[in-house]
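Undergrad: Sharing a structure below in structure tokens format, with a few things to ask.
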Amino acid sequence: METVFVTGGTGFLGQSLIPLLIRKGDRVKVLVRSVSQSKINNPLIEKIVGDIRDRKTFENALSGVDKIYHLAGVVTDWAPKSLYENVHVQGTKNILEVAIANKVKKFIHISTVDVSDYEHHFCIDETTKYTFSKAPYRYTKVQAEKLVLNSKTNGLDFVIIRPSWIYGPGDTTFFPEIAYQVKKGLMIFIGSSKNFVPLVYSDNLSNAIIKAGEIEAARGEIFLISDGEITWEKLVRYISAGMGIKEKHFLTWPYTTAYFLAIMMEGMAKTLKKKKRPLLTRTVVEMTGRSIKVNTEKAKKILGYLPSTSLEYGIQKSIQWLKNKSIDDLRKK
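This is the structure:
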């Protein structure tokens with residue numbers, strides 16, 4: 001039995017990963033902001049009240065920990081730049097330093113395919129250069145990865161996982177947002193409705209994360225994890241049909257036009273000090289306005305990665321879960 005420490009455990013991916021860790025017999029510690037607000041009620045889990053941005057709140061909890069699963073991150077495309085920096089960069093720096101000080105055996109860092117320069121590469125893999133984007137979400141995720149890579153000089157045994165877009169039952173942001181836009185009567189595609197979006201089912205990803213922490217050949221490596229791609233138009237039609245939402249208007253905006261509008265809308269929102277997310281942000285335009293395919297050969301070869309839930313069945317299960325929820329309530333979370 002190993003003792004593991006999970007950051008971001010109360011989030012969507014954490015709710016998939018933690019039950020698998022318990023099932024495999026690990027002693028699980030989870031960093032939570034508040035015990036009362038935590039979604040975790042399993043008595044087998046030890047809750048550590050703290051904040052990834054303040055190492056003093058969790059450094060004592062890492063004594064005797066064998067592995068760290070670093071999932072914590074900002075899951076919105078619209079937040080103050082300082083929040084992305086404090087969580088992604090400073091938060092990663094904090095957990096790395098405490099891990100090294102406590103001689104943690106392995107550090108599994110959950111990054112994203114969005115650190116990759118898919119603006120200039122149709123099919124990305126682990127060798128694809130970092131994005132040049134200065135959009136806060138993507139930029140700070142790149143900086144966080146670099147911190148992990150540099151920790152090698154301190155003897156830390158790490159693995160970096162770059163998931164494609166995560167979905168599944170329990171998702172309160174990705175699919176609900178699409179359903180909301182269609183329900184509202186206007187769905188805007190950036191660049192082309194035929195652009196590919198890479199997806200990974202939450203449980204498939206969780207299994208890959210656990211394997212990455214166990215396989216010796218994964219040490220110091222980066223892995224892209226994806227179940228395949230689907231066009232934006234096909235995905236939207238699946239969700240709208242499954243939810244029983246009548247499609248009304250689909251629009252396609254040129255990438256350059258959308259990016260310019262995103263800059264204008266972001267600037268206006270900041271000037272007026274609006275907390276509400278603008279219709280468009282640079283992050284959304286960059287992430288949806290390009291066709292992205294993910295090469296997962298490395299994960300297949302070293303991790304033996306093979307999705308147990310297919311893309312089609314995963315989408316079906318996700319829509320079934322979503323049908324029993326209030327879209328408006330999910331968007332408020």
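The sequence shown: position 329 = 329 (the UniProt record's numbering), numbered continuously. Glycine included, each C-beta is placed from N, C-alpha and C at the ideal position.
1. At what residue ranges does the stretch 31–82 contain a whole run of the beta strand (DSSP E), taking only runs of 3 or more?
2. So, with DSSP's three-state summary, where would you put residue 236?
3. With DSSP collapsed to three states, give me the class of residue 88.
4. Relative to the C-alpha of residue 140, which candidate in 120, 21, 94, 86 has its C-alpha closest?
5. Check whether the stretch 191–203 and the stretch 224–232 touch, using three or more Cβ-Cβ pairs below 8 Å as the test.
6. Flag this pair as touching only if the stretch 152–171 and the stretch 306–318 have three or more C-beta atom pairs under 8 Å; answer yes or no.
7. Alpha carbons only, please: which of 181, 252, 211 is nearest the one belonging to residue 193?
8. In three-state terms, what does DSSP make of residue 27?
9. Go through its chain and collect everything with a Cβ distance to residue 282's Cβ below 7 Å, but skip five positions before and after it.
10. Here's the rule I'm using: 16 or more other beta-carbon atoms within 10 Å means buried, otherwise exposed. How should residue 132 be labelled?
11. Measuring CA to CA, which of 171, 213, 250, 160 is closest to residue 16?
12. For the stretch 19–37 against the stretch 97–106, are there 3 or more C-beta pairs whose distance is under 8 Å?
13. For the stretch 165–238, list the alpha helix (DSSP H) runs that are entirely contained and at least 4 residues long, ordered along the chain.
14. Ends of the alpha helix (DSSP H) at residue 283?
15. Return the first residue and the last residue of the alpha helix (DSSP H) that residue 257 is part of.
16. Taking Cβ positions, are residue 29 and residue 48 nearer each other than 9 Å?
17. Apart from the five residues just before and just after residue 25, which ones in its own chain have a Cβ nearer than 6 Å to its Cβ?
18. Decide if the stretch 210–224 is in contact with the stretch 147–166; the criterion is three or more beta carbon pairs, one per stretch, under 8 Å apart.
19. Ordered along the chain, which non-local residues of its own chain (more than five positions away) have a Cβ less than 7 Å from that of residue 122?
TA: In short:
1. 45–49, 67–70
2. helix
3. helix
4. 86
5. yes
6. yes
7. 252
8. strand
9. 135, 259, 262, 263, 266
10. exposed
11. 171
12. no
13. 174–184, 202–212
14. 282–288
15. 255–271
16. yes
17. 1
18. yes
19. 291, 293
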